[in-house]
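Colleague: Got a structure for you, written out below as structure tokens; questions coming shortly.
There are 2 protein chains.
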Amino acid sequence: MKLASQRAGRDGALLVVSRDLATAVSAAAIAPTLQSALDDWERASPRLQALYDDLNAGRAARAFALDLGTLAAPLPRAYQYLDGAAYPSHIQRNRQARGESVPDDFFQKPLMYQGISHGFMGWNDDVRLPSEDDGIDFEAEIAAITGDVPLGVDAKGACGYIRLFVLLNDVSLRAIIPGELKRTFGFLVGKPASSLGPIAVTPDELGELWKDGLVSGTMKCWVRGEELGSIETGTDVAFHYGDLIAHVAQTRAFEAGTLVGLGTVSNEDESVGVGCLGERRALETIRQGAARTPFLKFGDTVRIEHFDRSGNSVFGAIEQRIAPLA
Amino acid sequence: MKLASQRAGRDGALLVVSRDLATAVSAAAIAPTLQSALDDWERASPRLQALYDDLNAGRAARAFALDLGTLAAPLPRAYQYLDGAAYPSHIQRNRQARGESVPDDFFQKPLMYQGISHGFMGWNDDVRLPSEDDGIDFEAEIAAITGDVPLGVDAKGACGYIRLFVLLNDVSLRAIIPGELKRTFGFLVGKPASSLGPIAVTPDELGELWKDGLVSGTMKCWVRGEELGSIETGTDVAFHYGDLIAHVAQTRAFEAGTLVGLGTVSNEDESVGVGCLGERRALETIRQGAARTPFLKFGDTVRIEHFDRSGNSVFGAIEQRIAPLA
């Protein structure tokens, strides 16, 4: 099924959305917010599924035409966001351009960090930031949203705790990140709030795209109106969602609503382009001696959209403009 | 005023607690949970304060004798936990014992990381962990709980967004952490869920202990029944709470209920002891060539308590036993 959150309060108001995104219906009688549905998934999900089936069949009372412009992030604030670096070419290129290497154990265990899990912008919100000099960048990702994950779950079992997938723009400040990583305590000031795509989709709804712990399909990215990349998301990865979840769950249980990103999508084949400007600049540095593509400036736009094998949008698009603080 | 959460559901049930911790009263009519009170602090706080005044005067209807054993963490799950390393002697000793140095810019800007913000244990919960071989340690801290903090707030202004303070045991796995920090993405598997003291206290309630962005008083720690440290918390720091909040708020607003820790308490004077076993072992390594104090084993106990100038407990104690997974 497909879920979304209408802009309302701190957590949005849960909607069930039809398969074709044409109509929607309030899920308030089942769960007022997506977080509350995830907190009580065993009870809520069969009822949401029944409402979804009714909506698709044109039988849902009080269904209305969906206006994507009214949607917030499906989960505007969450208790945990874990982001990985599962596409090796993304990390290898970035590090190579800086004259650094990937950690020795990069392929032995997932490289991950704990990120900011609140303030998620809606798909069409302006990205408001204090300075153009911070090296503003986007990162195209697909994030899993989990239920309650028990401590000690294994990689295969971990996939069974994924409730939804959502598009994610992991906003990054490239001028700040290298200095922050040198201090070894991870990302903080260099990772401001991120954005989520409008529609959260259950694994079963993905059909054949959801396989072996990965979401296949094509992630397309445009910056300033120019196509920057067209990346296959189900290949060229060192680890899948279950691996990432199991890695962190070695010593902690997860609260329902945890977001787990695989990291910026990237393919070994350079000709398909990239899923962020930093990697394009890294490739320019490696191949041509210097970065030429500028980072994002106020007024620039970013568009991210993931497509299935028939060219249908899977999660709806993220389409944002970079802007100064209001 | 003093607030606490009775064990109930995922977020606990908000209580107002009397100054002497003898009685309590449900705050459900004002806000069902501490998170909901923080979400709506302008409205909720004067009403909670009035209830607190009534309770202390013996005028609160439905007041009952407080049983500390019924309390959960005041905020069992939060949207953000930021932890600093503001006591230089803690970091210098740990790094020196490993043959490493502190980052060059350690005194220029706060060293901080984004930590796990859910799964906070109650003050007397067992710390259940998978293995004694992970180098189980505690860390004694006082954390601020903020309201909504605007992006760009300065260090002085940031102190005005602190709503509460609470005792925190930042559980750490010393065998995992050095390898994790080498990967530069910060703490993750090496930092399982932490614990909060039973009573959250407003800055005004701290009186003279809350001054210049710091909480003074004496933090006492006991391990296996032995006193490990008696640390002055308001001195020997490189940065105060406002500095830490402002550092991260350069590029993000905070969601209400953010926890901000100053890091493991530590004094330059070695004779007062330490606020975690890692630092004691570091001092043993530096002074005697090898660590001798063992990390925590299953069955071991930890006690943390912070005292005012008259020897009164400020936040109630954290008292936990280390135990294997159930």
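Protein chains in written order, with the UniProt record's numbering: chain A, 1 to 326; chain B, 1 to 326. Built from N, CA and C at the ideal position, the CB exists for glycine as well.
1) What is the rounded straight-line gap between the Cα of A:ALA253 and the Cα of A:ARG287?
2) Could you give the distance in angstroms between the alpha-carbon of A:GLU132 and the alpha-carbon of A:ASP83?
3) Near A:VAL153, which residues of its chain fall below 8 Å by C-beta distance, leaving aside the five closest residues on each side in sequence?
4) Less than 6 Å between C-beta atoms, sequence neighbours within five positions excluded: which residues of the same chain meet that for B:ALA256?
5) Round the Cβ separation of A:ALA22 and A:LEU51 to the nearest angstrom and send it over; I've been treating them as touching at under 8 Å.
6) Give me the subset of the region 229-247 of chain A whose CB atoms are less than 8 Å from a CB atom of chain B, sorted by chain position.
7) Leaving out the 5 sequence neighbours to the left and right, which residues in its chain are closer than 7 Å to A:PHE295 when beta-carbon positions are compared?
8) With A:GLN6 and A:ALA73 assumed to form a contact (beta carbons below 8 Å), what rounded beta-carbon distance in angstroms separates them?
9) Please classify A:PHE165 as buried or exposed, where buried requires at least 16 neighbouring CB atoms within 10 angstroms.
10) Which residues of chain A have a Cβ atom closer than 7 Å to the Cβ of B:LEU181, listed in chain order?
11) Are the beta-carbon atoms of B:TYR81 and A:ARG77 separated by less than 8 Å?
12) If I measure Cβ to Cβ from B:PRO18 and keep anything under 6 Å in the same chain, skipping five residues before and after, which residues do I get?
13) With 16 other CB atoms within 10 Å as the buried threshold, where does B:GLY58 fall?
14) Would you call the CB atoms of B:ARG292 and B:GLU279 closer than 8 Å?
15) Run the CB neighbour count on A:GLY186, radius 10 Å, all protein chains shown included, and call it buried at 16 or more, exposed below.
16) So, do the region 193-206 of chain A and the region 116-123 of chain A have three or more beta carbon pairs nearer to each other than 8 Å?
17) Using three-state DSSP, classify A:LYS182 as helix, strand or coil.
18) Any beta carbon of chain A sitting closer than 8 Å to that of B:ALA193?
19) Is the Cβ of B:SER36 closer than 8 Å to any Cβ of chain A?
20) Exposed or buried, which one is A:ARG281 when buried takes at least 16 other CB atoms within 10 Å?
21) Kindly indicate which residue of A:CYS221, A:GLN320, A:SER313 and A:THR264 has the alpha-carbon position closest to the one of A:HIS90.
22) First and last residue of the alpha helix (DSSP H) that includes A:SER89?
23) Measuring only the C-alpha atoms, how far is A:GLY122 from A:PRO198?
24) Residues of chain A with a CB under 8 Å from the CB of B:LEU325: which are they?
25) In chain order, what residues of the same chain have a beta carbon less than 6 Å from the beta carbon of A:LYS220, not counting five sequence neighbours either side?
26) Could you tell me the alpha carbon to alpha carbon distance between A:ASP300 and B:ALA60, rounded to whole angstroms?
27) Mind checking whether B:LEU129 and B:ILE318 have CB atoms under 8 Å apart?
28) Figure out for me which residue from A:PRO88, A:ALA4, A:ILE177 and A:ALA63 has the closest Cα to the Cα of A:GLU270.
29) Output the distance between the C-alpha atoms of B:THR202 and B:ARG10, rounded to the nearest integer angstrom.
30) DSSP three-state label for A:GLU42, please.
31) Nearest CA to the CA of B:PRO110: which residue from B:GLY217, B:TYR241, B:ASP126 and B:VAL274?
Modeller: So, from the data block:
1) In a straight line, the C-alpha of A:ALA253 is about 44 Å away from that of A:ARG287.
2) Distance from the CA atom of A:GLU132 to the CA atom of A:ASP83, rounded to whole angstroms, is 24 Å.
3) The answer, listed in chain order, is TYR161, ILE245, ALA246 and ALA249.
4) Closer than 6 Å at Cβ, skipping near neighbours: LEU38, ASP39, GLY147 and ASP148.
5) Not quite, the Cβ-Cβ distance comes to about 16 Å (not below 8 Å), so this is no contact.
6) Answer in chain order: HIS247.
7) Excluding sequence neighbours, A:PHE295 sits near GLY135, ILE136, ASP137, ARG174 and LEU277.
8) About 11 Å separates the Cβ atoms of A:GLN6 and A:ALA73, ruling out a contact at the 8 Å cut-off.
9) Buried, by the Cβ-count rule.
10) Near B:LEU181 (Cβ distances below 7 Å), the residues of chain A are THR184.
11) Going by C-beta atoms, B:TYR81 is not nearer than 8 Å to A:ARG77.
12) In the sequence under discussion, the amino acid at residue 18 of chain B is Ser, which differs from the Pro named in the question. Closer than 6 Å at the Cβ level, and outside the excluded window around B:SER18, lie LEU55 and ASN56.
13) By the neighbour-count rule (16 or more Cβ atoms within 10 Å), B:GLY58 is not buried but exposed.
14) Taking 8 Å as the Cβ cut-off, B:ARG292 and B:GLU279 do not qualify as a contacting pair.
15) So A:GLY186 counts as buried.
16) Result yes; three or more Cβ-Cβ pairs closer than 8 Å.
17) DSSP places A:LYS182 in helix when its eight states are reduced to three.
18) Closer than 8 Å to some Cβ of chain A, the Cβ of B:ALA193 qualifies, so yes.
19) Judged by the 8 Å Cβ criterion, B:SER36 is not in contact with chain A.
20) Sixteen is the threshold: when 16 or more other Cβ atoms of the shown chains lie within 10 Å of the Cβ of A:ARG281, as they do, the residue is buried.
21) Cα-wise, what sits closest to A:HIS90 is A:THR264.
22) For A:SER89, the uninterrupted alpha helix (DSSP H) segment begins and ends at 88-97.
23) Linking A:GLY122 to A:PRO198 through their CA atoms gives a straight-line distance of about 7 Å.
24) The contacting residues are LEU151 and GLY152.
25) Residues SER230 and GLU305 of the same chain have their beta carbon placed closer than 6 Å to that of A:LYS220, with the five preceding and five following residues left out of the count.
26) Looking at the two C-alpha atoms, the distance is approximately 58 Å.
27) Not in contact: B:LEU129 and B:ILE318 (Cβ atoms no closer than 8 Å).
28) Considering only alpha carbons, the answer is A:PRO88.
29) Straight-line spacing of the CA atoms in B:THR202 and B:ARG10 works out to 23 Å.
30) The answer is helix: DSSP assigns A:GLU42 an H, G or I state.
31) Nearest to B:PRO110 by C-alpha distance, out of B:GLY217, B:TYR241, B:ASP126 and B:VAL274, is B:TYR241.
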